[in-house]
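Enquirer: Quick one: the structure is below, questions incoming.
Number of protein chains: 2
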Amino acid sequence: MPHAPLRWMMTGKGEPLTPAEFNPFVAKADEVVVEIAGCGVCHTDLGYYYDGVRTNHALPLTLGHEISGRVVDTGSDAFYWADKTVIVPAVIPCGTCDVCRRGKPTICPNQKMPGNDIHGGFATHIVVPAHGLCAVDEARLQHSGIDLADLSVIADAVTTPYQAVIQAGVQKGDLVVVNGVGGVGGYAAQIARALGGTVVAVDVNQDKLDAIAANGAELALNARDMSPRDLKPAIKDFAKKRGLRQTEWIIFECSGSRAGQETAFSLINHGATLCVVGFTMDKVEVRLSNLMAYHARAIGNWGCAPEYYPAALDLVLDGHVKVASFVEKHPLSDINQVFEAAHHGALKRRAVLVPN
Amino acid sequence: MPHAPLRWMMTGKGEPLTPAEFNPFVAKADEVVVEIAGCGVCHTDLGYYYDGVRTNHALPLTLGHEISGRVVDTGSDAFYWADKTVIVPAVIPCGTCDVCRRGKPTICPNQKMPGNDIHGGFATHIVVPAHGLCAVDEARLQHSGIDLADLSVIADAVTTPYQAVIQAGVQKGDLVVVNGVGGVGGYAAQIARALGGTVVAVDVNQDKLDAIAANGAELALNARDMSPRDLKPAIKDFAKKRGLRQTEWIIFECSGSRAGQETAFSLINHGATLCVVGFTMDKVEVRLSNLMAYHARAIGNWGCAPEYYPAALDLVLDGHVKVASFVEKHPLSDINQVFEAAHHGALKRRAVLVPN
Chain V
-7 MPHAPLRWMM
3 TGKGEPLTPA
13 EFNPFVAKAD
23 EVVVEIAGCG
33 VCHTDLGYYY
43 DGVRTNHALP
53 LTLGHEISGR
63 VVDTGSDAFY
73 WADKTVIVPA
83 VIPCGTCDVC
93 RRGKPTICPN
103 QKMPGNDIHG
113 GFATHIVVPA
123 HGLCAVDEAR
133 LQHSGIDLAD
143 LSVIADAVTT
153 PYQAVIQAGV
163 QKGDLVVVNG
173 VGGVGGYAAQ
183 IARALGGTVV
193 AVDVNQDKLD
203 AIAANGAELA
213 LNARDMSPRD
223 LKPAIKDFAK
233 KRGLRQTEWI
243 IFECSGSRAG
253 QETAFSLINH
263 GATLCVVGFT
273 MDKVEVRLSN
283 LMAYHARAIG
293 NWGCAPEYYP
303 AALDLVLDGH
313 VKVASFVEKH
323 PLSDINQVFE
333 AAHHGALKRR
343 AVLVPN
Chain X
-7 MPHAPLRWMM
3 TGKGEPLTPA
13 EFNPFVAKAD
23 EVVVEIAGCG
33 VCHTDLGYYY
43 DGVRTNHALP
53 LTLGHEISGR
63 VVDTGSDAFY
73 WADKTVIVPA
83 VIPCGTCDVC
93 RRGKPTICPN
103 QKMPGNDIHG
113 GFATHIVVPA
123 HGLCAVDEAR
133 LQHSGIDLAD
143 LSVIADAVTT
153 PYQAVIQAGV
163 QKGDLVVVNG
173 VGGVGGYAAQ
183 IARALGGTVV
193 AVDVNQDKLD
203 AIAANGAELA
213 LNARDMSPRD
223 LKPAIKDFAK
233 KRGLRQTEWI
243 IFECSGSRAG
253 QETAFSLINH
263 GATLCVVGFT
273 MDKVEVRLSN
283 LMAYHARAIG
293 NWGCAPEYYP
303 AALDLVLDGH
313 VKVASFVEKH
323 PLSDINQVFE
333 AAHHGALKRR
343 AVLVPN
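One line per chain: the protein sequences are V and X, in this order. Counting with the working numbering, you get residues -7 to 348 for the letters of the first sequence. Counting with the working numbering, you get residues -7 to 348 for the letters of the second sequence.
Here it is in structure tokens:
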């Protein structure tokens, strides 16, 4: 290794992130040490850093929960992970508690999220539990031509909407609306399409709409150019032309904004499924009774169960979901500038920080 | 028949309901004529009458969609219903369209609701489609000691929460909260308990709380006596004492009020299911993102598929769900006074109008 292991610490809301050397080679029996290839910068990180959303682990803390890399050391029980190329789940359930045993790992009270419960991925190395790791077949990765660092975004930006899409039961013939086609929504659109849905993308950013129109969305509507009231008729019209249903739309709210959630809620029709994927602290004003009147449902989605990671990875390695064209890599040492740029909406793609 | 067939017509919002003679013996091939034993007065009827909620069928219209009675004439294809004792579903799907064939009858676009799409049950007779009718075994009814008129409320007040409870998947060990234990919520509580749930009732009306505490609720909380903030800790405390989960609560919102919906939403915890059963035109202000943060869901429920009626009827005939003590019968000719009393909250029980 050319340099000593390093991680970037958040010491307080908005305080400059600072590098700190540390010794990662302290894996317990069921833990591994991962040398990080890349770590994606997520809206959630910005929420901790700029908005003062509290982390579970006290500050100082290394943020970052979208991690790919290679196992360089293991605890005694995790020996079989040695030298494997892996994706670290953004949320790692304990696997042994009551809810985990009942198949609901996303609500595990003991779950560990890097960059929230434990030190995260804006670092050269990380120590994580071995259970839940997703192995990446290296021959297949090489064949795909995808950079391991780019796969980091699978750990949240891809798998979170993947679970949401599976949970919603998207299948051939479904009309799928994705509201907010940024870092997460862009993957929601691609995954929904890969599973048979016909995708309508809605956003206020034309660049993002253009990008997703070239990667799976069959209709891209700029919500800046139309009133919220015109959106539903426009989608109805599209459904009619395509011979798709005027009922049971599946709507993914990925903008994580008040306006976006209210827009998404307004698109509910008979038998609709609204998937709440994005997060905002803001309350919204909605007619909740529409769920009753339309026999519709709103499903929240938190992270993704590790069991789904291999299938989500398959979609990427098979080329159904593009990641490379939706990310931009930056040296980890530029973390402060990259956070600023992401915070001000100056990045067109999701940033992945690569240790340098 | 002692009198000529008669139905009570709504001619306009708040206008006195007026009786009109008519000839019900006009059943088409797949229709039957039911001589009505009783018809329940529902919040929905009051919404049409007092709040100006529009009916699908133009006025004048006979309201009423909770109907029990006896088949006294049939169309040629429905001959096998002759002389049967029946409950008429509150919502009758067509059974043949695309959504019906895909098992989603509650969003059938051709569904007929008596008292909304067709003339309803505040009458001596009604003509309805034969498909979807729920037969009542007369020997069993007699053995149960329940009056056929009382069974009318099964057609909405019992079956609607029944479907909601089934849809939510209530089972043994679940902590179930029912917010609003009036005409519909009281049955939600009884049904949830019959299926194994431990029920917490929440209401602002002590009489209703007392009634449900005697019929299945193990904790009855008067929301007038406590702040909304204290409600969740009180239920947590109860769960702890009973060894029930602090996650995955199943919450039935049956008050159909803004305050009630906001209260119910505030009770969402990890993995919770919020069932929106009651209806209000009012918007609510909620943090929709909590569905995401808690990996929770909100499910709307519209009516009940006819397939569920026999099982709901079983619960009543077997004594698991009491109806007689939750209804009060009035002569149909008192309809105007009964509407007024129900509208002003002067009735302690659900009113059933009996032709006289």
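Idealized CB from N, CA, C, for every residue including glycine.
Determine, using beta carbons only, whether X:G263 comes closer than 8 Å to chain V.
Expert: Yes, X:G263 lies at the interface with chain V (some Cβ there is under 8 Å from its Cβ).
Enquirer: If you draw a straight line from the alpha carbon of X:P11 to that of X:L(-2), how long is it in whole angstroms?
Expert: Roughly 6 Å between the two C-alpha positions.
Enquirer: Once you ignore the five residues that flank V:H262 on each side, which residues in its own chain have a CB closer than 6 Å to its CB?
Expert: So the list reads T239, Y286, once near-sequence residues are dropped.
Enquirer: Can you check which of these residues, V:G208, V:E299, V:L259, V:G311, is closest to V:T98 by C-alpha distance?
Expert: Answer by Cα proximity: V:E299.
Enquirer: If we call anything under 8 Å between Cβ atoms a contact, is V:F71 one with V:I327?
Expert: Not closer than 8 Å, so no.
Enquirer: Is the beta carbon of X:L345 sitting closer than 8 Å to the one on X:V33?
Expert: The answer is yes: Cβ separation under 8 Å.
Enquirer: Hey, V:A209 and V:A180 are a contact pair by Cβ (cut 8 Å); roughly how many whole angstroms apart?
Expert: So it is not a contact: roughly 10 Å between Cβ atoms.
Enquirer: Between V:H35 and V:V276, what straight-line distance do the alpha-carbon atoms span, to the nearest angstrom?
Expert: If you take the alpha carbons of V:H35 and V:V276, they lie about 19 Å apart.
Enquirer: Out of curiosity, what's the CA-to-CA distance linking X:R93 and X:G87?
Expert: In a straight line, the C-alpha of X:R93 is about 7 Å away from that of X:G87.
Enquirer: Can you name, in chain order, every residue of its own chain whose Cβ lies under 7 Å from the Cβ of X:M(-7), other than the five neighbours on each side?
Expert: Interpretation of X:M(-7) is limited by its pLDDT of 48, a score under 50 that renders its predicted location unreliable; the figure taken from the coordinates is listed afterwards. Around X:M(-7): no qualifying Cβ.
Enquirer: Would you please verify whether the beta carbon of V:Q253 is less than 8 Å from any beta carbon of chain X?
Expert: Taking Cβ atoms only, chain X reaches closer than 8 Å to V:Q253, which makes this a yes.
Enquirer: Let me see if you follow: with CB-CB separation under 8 Å, is V:R279 close to chain X or not?
Expert: Chain X, which has a Cβ nearer than 8 Å to the Cβ of V:R279, makes this yes.
Enquirer: DSSP puts V:V349 in a beta bridge; with which residues?
Expert: Here chain V comprises residues numbered -7 to 348, so residue 349 of chain V is not present and cannot be evaluated.
Enquirer: Could you check the C-alpha separation between V:T272 and X:S281 for me, to the nearest Å?
Expert: Each residue's Cα considered, the two are about 6 Å apart.
Enquirer: With burial defined as no fewer than 16 other Cβ atoms inside 10 Å of the residue's Cβ, what is the status of V:K340: buried or exposed?
Expert: With fewer than 16 Cβ atoms within 10 Å of its Cβ, V:K340 is classed as exposed.
Enquirer: Hey, could you find the ends of the beta strand (DSSP E) V:V191 is sitting in?
Expert: Start and end: 190 to 195.
Enquirer: V:F271 versus chain X: which residues are under 7 Å apart at the beta carbon?
Expert: Correct list: S281, M284, A285.
Enquirer: Rounded C-beta distance between X:L187 and X:A193? I'm assuming under 8 Å.
Expert: In fact, because the Cβ distance is near 16 Å, the residues do not count as touching under 8 Å.
Enquirer: Which residues mark the beginning and the end of the alpha helix (DSSP H) in which V:E320 is found?
Expert: Note, V:E320: premise wrong, no alpha helix (DSSP H); beta strand (DSSP E) at 319 to 323.
Enquirer: Taking all protein chains shown into account, do 16 or more other C-beta atoms lie within 10 angstroms of the C-beta of X:G6, making it buried, or fewer, making it exposed?
Expert: Answer is exposed; the Cβ neighbour count stays below 16.
Enquirer: Would you identify the three-state DSSP class for X:F244, choosing helix, strand or coil?
Expert: The answer is strand: DSSP assigns X:F244 an E or B state.
Enquirer: Measure from the C-beta of X:R289 to each C-beta in chain V and report whether the shortest distance is under 8 Å.
Expert: With 8 Å as the cut-off, X:R289 counts as an interface residue toward chain V.
Enquirer: Considering only DSSP beta bridges, list what X:A12 is partnered with.
Expert: According to DSSP, which records beta bridges pairwise, X:A12 is partnered with X:R(-1).
Enquirer: Is X:F331 closer than 8 Å to X:Y41 when the C-beta atoms are compared?
Expert: Contact flag set, yes.
Enquirer: Is there at least one Cβ from chain X nearer than 8 Å to V:T190's Cβ?
Expert: Chain X contact via Cβ: absent.
Enquirer: What residues in the segment 89 to 119 of chain X have a beta carbon less than 7 Å from any beta carbon of chain V?
Expert: So the list reads V91, K96, T98, I99, given in the order they occur along the chain.
Enquirer: Among X:C100, X:A131, X:I79, X:H135, whose alpha-carbon lies nearest the alpha-carbon of X:V120?
Expert: Of X:C100, X:A131, X:I79, X:H135, the residue nearest in Cα terms is X:I79.
Enquirer: Should V:P81 and V:G124 be called a contact, given that it needs their Cβ atoms to be closer than 8 Å?
Expert: Yes, Cβ-Cβ distance for V:P81 and V:G124 is below 8 Å.
Enquirer: Can you give the beta carbon distance from X:K321 to X:Q182, rounded, assuming they're within the 8 Å contact cut?
Expert: Incorrect: roughly 20 Å between the Cβ atoms, too far for contact.
Enquirer: Just to check my reading of the structure: V:M2 and V:P52 have Cβ atoms closer than 8 Å, yes? What is that Cβ distance to the nearest angstrom?
Expert: So it is a contact: roughly 6 Å between Cβ atoms.
Enquirer: Considering only residues of the same chain and omitting the five flanking positions on each side of X:D22, which have a CB-CB separation below 8 Å?
Expert: Contacts found: G67, D69, A70, P121, A122, H123.
Enquirer: How would you list, in chain order, the residues of chain V whose beta-carbon sits under 8 Å from the beta-carbon of X:V276?
Expert: What X:V276 touches in chain V: E277, V278, R279, L280.
Enquirer: Let's test the definition: count the other Cβ atoms within 10 Å of the Cβ of V:G107 and tell me whether it reaches 16, buried, or not, exposed.
Expert: Under this definition V:G107 is a buried residue.
Enquirer: In or out: X:M284 buried (at least 16 other Cβ within 10 Å) or exposed?
Expert: Classification for X:M284: buried.
Enquirer: Which full runs of the alpha helix (DSSP H) of 4+ residues lie inside the segment 288 to 334 of chain V, going along the chain?
Expert: Listed in chain order, they are 301 to 309.
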